[in-house]
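Following: one structure in structure tokens, then a few remarks.
In our numbering, the protein residues as written are 23 to 135.
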């Protein structure tokens with residue numbers, strides 16, 4: 023569903039690190055690059071990917087994700103992949119979804135007779 027997030031959609035204001043603007047941004051896992059939680063050019067692709075994974079377009083969820091990614095996420099979570107997993111798992115719990123997995127992602131084990 024590829025949600026497009028604009029800076030005006032965000033609750034918080036972020037700095038724009040123009041020196042790194044052209045660098046590759048988060049497009050999915052795996053991605054061990056360091057996540058900059060204060061850079062608009064890192065924040066938007068991350069939040070967009072999380073919202074897509076959650077299959078959600080609710081602005082309140084977006085704003086709650088901003089809070090999680092900014093102040094509430096532990097500082098030892100630094101890679102983009104770790105940030106993505108943290109945000110998806112925590113928000114999934116808040117929304118009552120099973121660990122952010124869509125039905126397409128769930129692997130069903132065969133039941134033994």
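We treat Cβ as the ideally placed atom computed from N, Cα and C, and that holds for glycine. The model shown is predicted, which means the values in this text are computed figures rather than measured ones.
Indicate the three-state DSSP secondary structure (helix, strand or coil) for residue 86 in the structure shown.
-> Counting from one through the chain shown, the residue named residue 86 turns up at place 64. Three-state result, residue 86: helix.
Of all the options 53, 65 and 52, which has the alpha carbon lying nearest to the alpha carbon of residue 43?
-> For the purposes of this step, residue 43 is identified with residue 21 of the chain shown, where counting begins at 1. Checked all of 53, 65 and 52; the closest Cα to residue 43 is 65.
May I ask you to list the residues that DSSP assigns as paired with residue 37?
-> For this step, residue 37 is matched to residue 15 along the chain shown. According to DSSP, which records beta bridges pairwise, residue 37 is partnered with 61.
Please name the residue, chosen from 33, 28 and 97, that lies closest to residue 63 on a Cα-to-Cα basis.
-> Position 41 of the chain shown, counted from the start, is the residue given in the question as residue 63. Selected option, being the one with the closest Cα: 28.
For residue 57, does the count of other Cβ atoms within 10 angstroms reach 16, so buried, or fall short, so exposed?
-> Residue 57 sits at position 35 when you count from the first residue of the chain shown. The Cβ neighbour count for residue 57, taken over all protein chains shown within 10 Å, is at least 16; the residue is labelled buried.
When DSSP labels each residue in this structure, what does residue 30 get in the three-state scheme?
-> Here residue 30 refers to the residue found at position 8 when the chain shown is read from its first residue. Looking at residue 30 - three-state DSSP - the assignment turns out to be helix.
Residues that residue 55 bridges to, as DSSP identifies them | For the purposes of this step, residue 55 is taken as residue 33 along the chain shown, with counting starting at 1. None; residue 55 has no bridge partner.
Looking at C-alpha atoms only, which residue of 75, 115 and 92 is the closest neighbour of residue 32?
-> The residue labelled residue 32 in the question sits at position 10 within the chain shown. The option with the nearest alpha carbon to residue 32 is 92.
Could you say which of 47, 82 and 40 lies nearest to residue 67 if we only look at CA atoms?
-> What you label residue 67 is simply residue 45 of the chain shown in a count that begins at 1. If we check each option's Cα against that of residue 67, 47 comes out closest.
With which residues is residue 101 paired in a DSSP beta bridge?
-> Taking the first residue of the chain shown as position 1, residue 101 is located at position 79. Looking at the DSSP assignment, residue 101 forms a beta bridge with 56.
Taking the CB atoms as reference points, tell me whether residue 109 and residue 73 lie closer together than 7 angstroms.
-> If you number the chain shown from 1, residue 109 lands on position 87. If you number the chain shown from 1, residue 73 lands on position 51. No, they are not a contact pair.
Is the distance from the Cβ of residue 37 to the Cβ of residue 53 below 7 angstroms?
-> The residue given as residue 37 occupies position 15 in the chain shown. The residue given as residue 53 occupies position 31 in the chain shown. No.
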